[in-house]
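Counting in my numbering, the sequence shown runs from 117 upward without gaps.
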Amino acid sequence: MAYCGRSLDSPCTLALLIGFQFAFVLYFSLGGFRGLVSVLVHTTEPEFDYSRPHDVYTNLSHLGVPPPPPPRNILSPFLWPVGPVSVHLSSPLSLEEIRQRNPLVLPGGRYRPPDCEPRHHTAIVVPYRNRQSHLRALLYHLHPFLQRQQIHYSIYIVQQWGNSTFNRAKLLNVGVREALRDEDWSCIFLHDVDLLPENDHNTYTCHKQFPTHLSVAMDKFRYRLPYSQYFGGVSAVTPDQYMKMNGFPNQYWGWGGEDDDIAARVRLSGMKIVRPPVAIGHYKMIKHKGDRGNEQNPRRFDLLKRTRLNWRSDGLNSLTYELLSKELEPLYTNLTVNIGEDPHLALGRAPIPVKATTPAHRRKDERWAIQSCPHGGSKQTVKMRQHI
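Next comes the structure, spelled out in structure tokens:
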């Protein structure tokens, strides 16, 4: 009988060599250590049946105010996730009908779980101009989606004033700054108005260390990630992550380029992009034609070449804008802002004046808010002063 002891005879040595060779081939055929672990412990990606989605308002009736109210120190659970939800893109309801279906949503599009203390506090920032039907579809879909996750949230619609070329990234900068003046949000979602989530396991919360890209599987791209550094559609950052990357670029006027610039900022600031599983990060895009005033940016590739040089000087620390109005609508907070216009437009065109804003922690600011008249009737806009 042969034993594998200190002095190995030839049959034992041959068996060991064959065993090591088999383990070596198995290790690399499974993609390294992570693949080997997934086989041994049977870890798999979650599976969902998107052919049988639930209505997005499923279980929302459970979110009532219980009598009597329990102590507020009870942490919120994740409430009845249903998985895939149906997305209705045709004939969205009116804003009043959507409000009636979401009675717990407060003015400004705010929601806080009535029977527990929320674990997460999320501001959803949506850059916007002239997309009324898309906005109604987003509000109809997103409010019940978020309420079922038992998070404290508010939706900010950042509307670009005037007819100048659209600047998505600069509007996001404005939305983040104004949202953080309202509350100490722990998470900020950057959300295109034409994207609707299809799975409520896709939680609207932030990763503690790194920026998160949520829309990893859009129907526009056949539910695949178009390229590894794609950061468009829906993403999320904490305030600290946002500050670390100096916010977003302000120089991208028109369509394209700003998403890749933001992804580069993530890397240049020493962070990385994290994503949910593809089976969870499903989004449906509302089909639409190209927007007037949001044509392709001819300078986008030149700007991207200079991201490494410019990201520390172009962003939050160079942001200028004028807040024209702040309106607490029943389903969202509307911010109308003047962000100026593309300085590279044809010569001879009169520029739009913009009021410079200094960093939030160093100034007093005049804020606009909507308040009801004392004896009912219409709303009126009033100025509010406070330290910001």
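Glycine included, every Cβ here is placed at the ideal spot set by N, Cα and C.
Query: Measuring CB to CB, does L296 end up less than 8 Å from L254?; Result: no
Query: Which same chain residues end up closer than 6 Å to H398 when comparing Cβ atoms and leaving out the 5 residues on each side of it in sequence?; Result: E314, N315, A333
Query: For F305, report the span of its beta strand (DSSP E) as first-last.; Result: 303-307
Query: How big is the Cα-Cα spacing for Y269 and R284?; Result: 22 Å
Query: Three or more C-beta pairs closer than 8 Å, one from the region 356-368 and one from the region 286-305: is that the case here?; Result: yes
Query: Kindly indicate the opening and closing residues of the alpha helix (DSSP H) around S249.; Result: 248-263
Query: Using DSSP bridges, identify the partner residues of S167.; Result: According to DSSP, S167 bridges with nothing at all.
Query: Closest by CA to P260, which one among V241, V274, T321, I214?; Result: I214
Query: If we require 3 or more residues per run, which beta strand (DSSP E) segments fall completely within the region 360-404?; Result: 398-401
Query: Tell me which residue opens and which closes the beta strand (DSSP E) that N454 is part of.; Result: 449-454
Query: Is K421 helix, strand or coil when you go by DSSP?; Result: helix
Query: Going by other Cβ atoms of all chains shown within 10 Å of its Cβ, with 16 needed for buried, is D308 buried or exposed?; Result: buried
Query: Considering only C-alpha positions, which residue in the set L133, L461, V453, I378 is nearest to E294?; Result: V453
Query: Any idea if Q216 is buried or exposed, counting beta-carbon neighbours within 10 angstroms, 16 or more meaning buried?; Result: exposed
Query: Among P355, D458, S207, R383, which has the Cα closest to the Cα of S344?; Result: R383
Query: Mind reading off the beta-carbon distance from Q275 to L451? Whole number of angstroms is fine, and I expect it under 8 Å.; Result: 7 Å
Query: Check for me: the alpha helix (DSSP H) holding K324 runs from which residue to which?; Result: No alpha helix (DSSP H) contains K324, which DSSP labels as neither H nor E.
Query: To the nearest angstrom, how far is it from the Cα of R235 to the Cα of T423?; Result: 36 Å
Query: Buried or exposed: which applies to F305, given that a residue is buried once 16 or more other Cβ atoms fall within 10 Å of its Cβ?; Result: buried
Query: Taking G431 as the reference, which of T449, N246, S441, I378 has the closest Cα?; Result: I378
Query: Sort G372, T319, E212, L205 by Cα distance to T281 and report the nearest one.; Result: G372
Query: Should G349 go down as buried or exposed, given a rule of 16 or more other Cβ atoms within 10 Å for buried?; Result: buried
Query: Where do the ends of the alpha helix (DSSP H) carrying Q275 lie?; Result: Element bounds for Q275: not the alpha helix (DSSP H) but the beta strand (DSSP E), 268-276.
Query: Do you know whose CA, among Y166, D231, I273, lies nearest H250's CA?; Result: I273
Query: Relative to the C-alpha of E374, which candidate in K336, D418, K388, V390 has its C-alpha closest?; Result: D418
Query: Quick check on DSSP: helix, strand or coil for S488?; Result: Because the pLDDT at S488 is just 30, under 50, the model does not fix this residue reliably, and the value given afterwards should be weighed accordingly. In this structure, S488 counts as strand in the three-state DSSP scheme.
Query: Give the straight-line distance between the Cα atoms of Y227 and I267, rounded to the nearest whole angstrom.; Result: 8 Å
Query: In terms of residue numbering, what span does the alpha helix (DSSP H) encompassing K336 cover?; Result: Taken as a continuous stretch (DSSP letters only), K336 belongs to no alpha helix (DSSP H), as it is neither H nor E.
Query: Under the three-state reduction of DSSP, which class applies to P217: helix, strand or coil?; Result: Correcting the residue type first, residue 217 is Arg in the shown sequence and not Pro. Here R217 sits in helix by DSSP.
Query: Among residues of its own chain, excluding the 5 on either side of L440, which ones have a beta-carbon nearer than 8 Å to its beta-carbon?; Result: W277, T452, V453, N454, W484
Query: With a cut-off of 8 Å on the beta carbons, I'd call G225 and T436 a contact; round off their distance for me.; Result: Actually they do not touch by this definition, with Cβ atoms about 26 Å apart.
Query: DSSP on P223, reduced to helix/strand/coil?; Result: coil
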